[in-house]
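Participant:
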Amino acid sequence: MSYSPRQLGDLTPTNPNRRQGLLAVFHIDLPLLVGLLLLCGFGLIVLYSASGENFGQMERQALRIVLALAVMVAVAQVSPATLRRWSPWLYAAGMAMLVAVLAFGEVGKGAQRWLDLGIVRFQPS
71 MSYSPRQLGD LTPTNPNRRQ GLLAVFHIDL PLLVGLLLLC GFGLIVLYSA SGENFGQMER
131 QALRIVLALA VMVAVAQVSP ATLRRWSPWL YAAGMAMLVA VLAFGEVGKG AQRWLDLGIV
191 RFQPS
């Protein structure tokens, strides 16, 4: 009796008929995601402990983490060729923001390193 790769659940990269999981569809590396989630979870625990068990501060940080993960998934959808093509422009924008800190930067805790964008203060470095 012969079995086809589908019946055996063959998940080799060379099998064009394999079912793609959700992580593969969104181009997310599982070890990277697990590491990031563990690191973020540990950071939330440390923040909760260091802030005198202030749940509100931890909740705001968790919201920022969710936003960052959404940005990570969005950037993962961009092809490497596109990122390679945009890289000089992204580099120039980053350098321009660093120069803008020198000219228009806000002082925070004794150092000029923030750009005030109106709704959010941004640290380009």
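Taken in order, the sequence shown gives residues 71 to 195; the numbers are from this note's numbering.
All C-beta atoms in this analysis are idealised placements derived from N, C-alpha and C, irrespective of residue type, glycine included.
What you are looking at is a predicted structure, and each value in this text was computed from that prediction instead of being measured.
(1) Could you tell me which residues DSSP pairs with Gly178 in its beta bridges?
(2) Closer than 8 Å is the cut-off here; do at least three beta carbon pairs connect the segment 161 to 179 with the segment 119 to 138?
(3) What is the DSSP secondary structure of Phe192, reduced to helix, strand or coil?
(4) Using DSSP bridges, identify the partner residues of Asp186.
(5) Quick one: what's got a C-beta closer than 6 Å to Tyr199's C-beta in the same chain, skipping five residues either side?
(6) Thinking just about the alpha-carbon of each residue, which of Pro150, Leu172, His97 and Ala144 is nearest to the one in Ala181?
(7) Which same chain residues end up closer than 8 Å to Ile115 when comparing Cβ atoms and leaving out the 5 residues on each side of it in sequence?
Facilitator: The relevant details are as follows:
(1) Ala181
(2) no
(3) strand
(4) Arg191
(5) It is not possible to answer for residue 199, since the shown part of the chain is limited to 71 through 195.
(6) Leu172
(7) none
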